[in-house]
Amino acid sequence: QKWAQQTGRLRHRHVLVTAGGTRERIDPVRFISNDSSGKMGYAIATAAANEGADVTLVSSTTTLSAPAGVEIVHVAGAKEMLNQMQHRFAQQDAVIMAAAVADFRPVEEATQKIKKTADNDTMTIKLTKNPDILKTLATQKTKQVMVGFAAETEHLLANAQQKLTDKKLDMLVANDVSRKDIGFNADNNQVIILRPNQEPEKLPIMTKSELAAELVDRVVTLLPGK
Ligand code: CTP
Ligand code: CA
């Protein structure tokens, strides 16, 4: 399945990429999710593989096909995503968290399809907070370069800066998702890259695969021994 990549700046490096919006089950036929298409994560996995990395792509359900030369792990909800990442984390050199993880999941997953009843015109689904995957992994960090994304509709820089610090990231990619031409589901993206103790770097608008190459480029320079 894996291509023997002979060249590239990420040869012998392990890179874990996540993609897509997690699906949090309500019942066997329903879930809570978000508008993430998975395109950015898949583009990053492809770009890292092009640099010769051993790439594992932990992906929730998308319409995309697995990039060539990448090991793909399919997951649904955030808890499953965390589980699949946790036992792979120690061997990784970089983790790039492009997935749009649902912040909450239903407290209970019904085993049977929930029926509507004649006497109830409203219904309530009680939600509980999902684990913060980046924060959880940060507590187990040894050598890993940690990259997160921030999807914001307002106060982009301030919110993104907070996440960089909060999640102890080496790099945060800030994305204004209030614009339809960039962000969720779009083919193009325009981001601001934040690093600890550095001026924000605003990149021009570009395709997600161009941006993926730019991000992988920066990850290469952050790896110890590079
Ligand atoms: N993330 C995560 N685990 C979660 C939620 C988010 O690892 N439970 C990651 C995302 O994959 C992303 C980064 O954290 O790389 C920021 O996600 P975002 O949704 O922008 O931030 P949150 O910390 O969830 O804060 P909020 O949604 O309230 O802005
Ligand atoms: Ca969130």
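The sequence shown begins at 180 in UniProt numbering and counts up by one.
Cβ coordinates follow ideal geometry from the N, Cα and C atoms, glycine included.
Computed from a predicted model, the values in this text were never measured in an experiment.
Through-space distance from residue j to residue i, alpha-carbon basis
i      : j      : result
VAL249 : ALA329 : 25 Å
VAL265 : PRO285 : The sequence given here places Gln at residue 265; Val does not occur at that position. Roughly 22 Å separates the two Cα atoms.
LEU390 : THR303 : 40 Å
THR186 : ASN229 : 9 Å
ALA227 : SER216 : 19 Å
ASN354 : ALA365 : 12 Å
SER388 : ALA247 : 14 Å
ALA337 : GLU288 : 36 Å
ALA277 : LYS218 : 9 Å
ALA222 : ASP349 : 20 Å
LEU316 : LYS381 : 27 Å
VAL398 : ALA297 : 56 Å
ILE293 : GLN263 : 29 Å
ALA279 : ARG209 : 18 Å
LYS400 : THR201 : Note on residue identity: the sequence assigns Thr, not Lys, to residue 400. THR400 and THR201: Cα-Cα distance of roughly 30 Å.
GLY327 : LEU335 : 14 Å
ILE312 : ARG358 : 26 Å
ASN299 : THR241 : 34 Å
LYS295 : THR301 : 9 Å
VAL234 : GLN369 : 24 Å
Any chain D beta carbon closer than 8 Å to residue i
i      : result
GLN270 : Given the protein chain composition of this structure (a single chain), no chain D is represented.
Given residue i as reference, the closest of the options once Cα atoms are compared
i      : options                           : result
ILE211 : SER244, ALA245 and GLY256         : GLY256
PRO383 : LYS322, ARG397, ARG358 and ASN367 : ASN367
ARG192 : LYS294, PHE268, LYS381 and THR290 : PHE268
GLN340 : ALA317, VAL395, ILE371 and THR241 : ILE371
SER239 : GLN291, ALA224, MET260 and ARG358 : MET260
THR290 : GLY327, ILE205 and VAL252         : ILE205
PRO379 : LEU401, LEU351, ASP272 and GLY404 : LEU351
MET385 : THR318, ASP360, THR301 and ASP396 : ASP360
LEU243 : GLN319, GLY220 and ASN213         : GLY220
LYS320 : ARG358, GLN271 and THR301         : GLN271
ALA281 : ALA198, ARG358 and GLN369         : ALA198
Contacting residues, own chain, Cβ-Cβ under 7 Å from residue i (five flanking each side not counted)
i      : result
LYS314 : LYS346
VAL356 : ALA330, GLU331, THR332, GLY362 and PHE363
VAL395 : ILE223, ALA226, ALA227 and GLU230
HIS253 : SER238
ILE251 : LEU236, SER238 and ALA245
PRO403 : LYS322
Close-in-space but distant-in-sequence residues of the same chain around residue i (CB under 8 Å, 5 per side omitted)
i      : result
PHE283 : GLU203, ILE211, LEU306, THR307, LYS308 and ASN309
LYS258 : ARG284, ASN309 and PRO310
PRO207 : ALA289, THR290, GLN291 and LYS292
Cβ-heavy atom distance, residue i to ligand 3, below 7 Å
i      : result
ASP282 : Ligand 3 is not part of the structure shown, which contains ligand 1 and ligand 2 as its ligands.
Own chain partners of residue i with C-beta closer than 6 Å, once the 5 adjacent residues on each side are dropped
i           : result
VAL274      : LEU195, GLN323 and MET325
ALA392      : ALA226
residue 151 : Absent from the model: residue 151. The displayed extent of the chain is 180 to 405, so no value can be given.
THR318      : none
ASN213      : GLY200 and ALA279
| message | For the pair the stretch 336-350 and the stretch 373-388, tell me if three or more CB-CB distances fall below 8 Å. | response | yes
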